[in-house]
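So for the sequence shown, the working numbering puts the first residue at 24; every next one is plus one. Just so you know, even glycine gets a beta-carbon here, dropped at the ideal spot from N, CA and C.
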Amino acid sequence: MLIEDKIIKKLVSEYKTARSVITFKEIVNHLSKYIYNYARKVFGVNHEIAIDFYLYYIERIENILLKYNETETKFITWFTYTLRNGYLNYIDYKKRKEKYKKTEISIDAPLCDREALTLHDVLYDTKKYSVYSIDDIDNDNIEEISLKIFNCIENIFTERDSLIFFIHNLELFINLITKSLMKYFNINYEEAYSIIEKARATYIYKYNDIIKLQDSIAKINLKISEYNNKGLWTVHLASKKQNRIKKLQAIKLNVPHSFIAKLFKISVNAITKIINKIKKYLKENFKYNFNN
24 MLIEDKIIKK LVSEYKTARS VITFKEIVNH LSKYIYNYAR KVFGVNHEIA
74 IDFYLYYIER IENILLKYNE TETKFITWFT YTLRNGYLNY IDYKKRKEKY
124 KKTEISIDAP LCDREALTLH DVLYDTKKYS VYSIDDIDND NIEEISLKIF
174 NCIENIFTER DSLIFFIHNL ELFINLITKS LMKYFNINYE EAYSIIEKAR
224 ATYIYKYNDI IKLQDSIAKI NLKISEYNNK GLWTVHLASK KQNRIKKLQA
274 IKLNVPHSFI AKLFKISVNA ITKIINKIKK YLKENFKYNF NN
């Protein structure tokens, strides 16, 4: 979903006052996709560079947020400006560190080349085409469904097996697993949060494919609207749109079995068996079909 201006401003204000780690995590959760996708979409860099910039920026984001002074201007306008400066500073930093030749970047270039869509719209899902791991899920009830599944799994399966499933389906349970991680690994909040961030980094590159498909769907929608206004047939466009939606729904944001195996120090085969066991239970008892 899009970054709600009132919510993000309130969180930043609270963090500046109390410096709460929990508030900081909420802010980063709101902004993470935007930071990664900014480098990918605006500067057209590959996944490796986008991840590198993301880590570079996240290391500095606290100081950046502390400099924010609330105005009537939307937070995302200010934040996008800091991202542009941050990326140019990142390029200079890499040049000094690795001594590679910097590609010339025009800071006057438009942020996006498209009709009827702002940069903010592009970097977030403006249409509710599900990218979650459950077939036929209603995105409007995603938090309620996530909590229901979370509680069920915790009550039925062991602490370790439950966590393995939650981490594999991180996007679905990301706001629920921190305490479980702290308890199981006997670690503090910051260490648990670090595990979550590393897990997310294993699949964040897929957002680029999601963006491309969302862009394509948005452009098709515009054409359909234009054709309808002119009284023209849109059957071929509708077919093309459905094809894009199917491709979008086929993209699953899951943490790889190999990452989880390393975290829990057990084999990949064992991870696969645990995940499949829980998937089977959910399908048989709740009709939730996890398709990853």
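Buried versus exposed call for residue i [16 or more other C-beta atoms within 10 Å across all chains shown]
i: Val35; result: buried
i: Ile30; result: exposed
i: Val278; result: buried
i: Gly67; result: exposed
i: Ile200; result: buried
i: His191; result: buried
i: Phe309; result: exposed
i: Ile179; result: exposed
i: Gly254; result: exposed
i: Asp184; result: buried
i: Gln265; result: exposed
i: Lys22; result: This structure does not reach residue 22, given that the chain is present from 24 up to 315, and the question cannot be answered.
i: Ile303; result: Sequence check: residue 303 is Lys here, not Ile. Classification of Lys303: exposed, given that the 10 Å Cβ count is below 16.
i: Tyr17; result: For residue 17 there is no data in the structure shown, the boundaries of the chain being 24 and 315.
i: Asn60; result: buried
i: Lys48; result: buried
i: Ser169; result: buried
Residue span of the alpha helix (DSSP H) that contains residue i, given as start and end
i: Lys253; result: 229 to 253
i: Ile218; result: 212 to 224
i: Leu78; result: 70 to 89
i: Lys270; result: 258 to 272
i: Thr201; result: 201 to 208
i: Ser185; result: 182 to 191
i: Asn174; result: 165 to 179
i: Ser281; result: 280 to 287
Residue i - DSSP class collapsed to helix/strand/coil
i: Arg42; result: coil
i: Phe66; result: coil
i: Lys302; result: helix
i: Ser290; result: coil
i: Glu49; result: helix
i: Thr295; result: helix
i: Lys32; result: helix
i: Thr100; result: helix
i: Ile197; result: coil
i: Asn92; result: coil
i: Lys275; result: coil
i: Glu307; result: helix
i: Ile58; result: helix
i: Glu37; result: helix
i: Ile114; result: helix
i: Pro133; result: For Pro133, the predicted model reports a pLDDT of 32, less than 50, meaning its position is unreliable; a value from the coordinates is still stated below. Here Pro133 sits in coil by DSSP.
Residue i CB to nearest heavy atom of the ligand NAD below 6 Å
i: Ile283; result: The model on display carries no ligand, and the ligand NAD is accordingly not part of it.
7 Å Cβ cutoff, residue i in contact with chain C
i: Ser239; result: The structure shown contains no chain C, having only a single protein chain.
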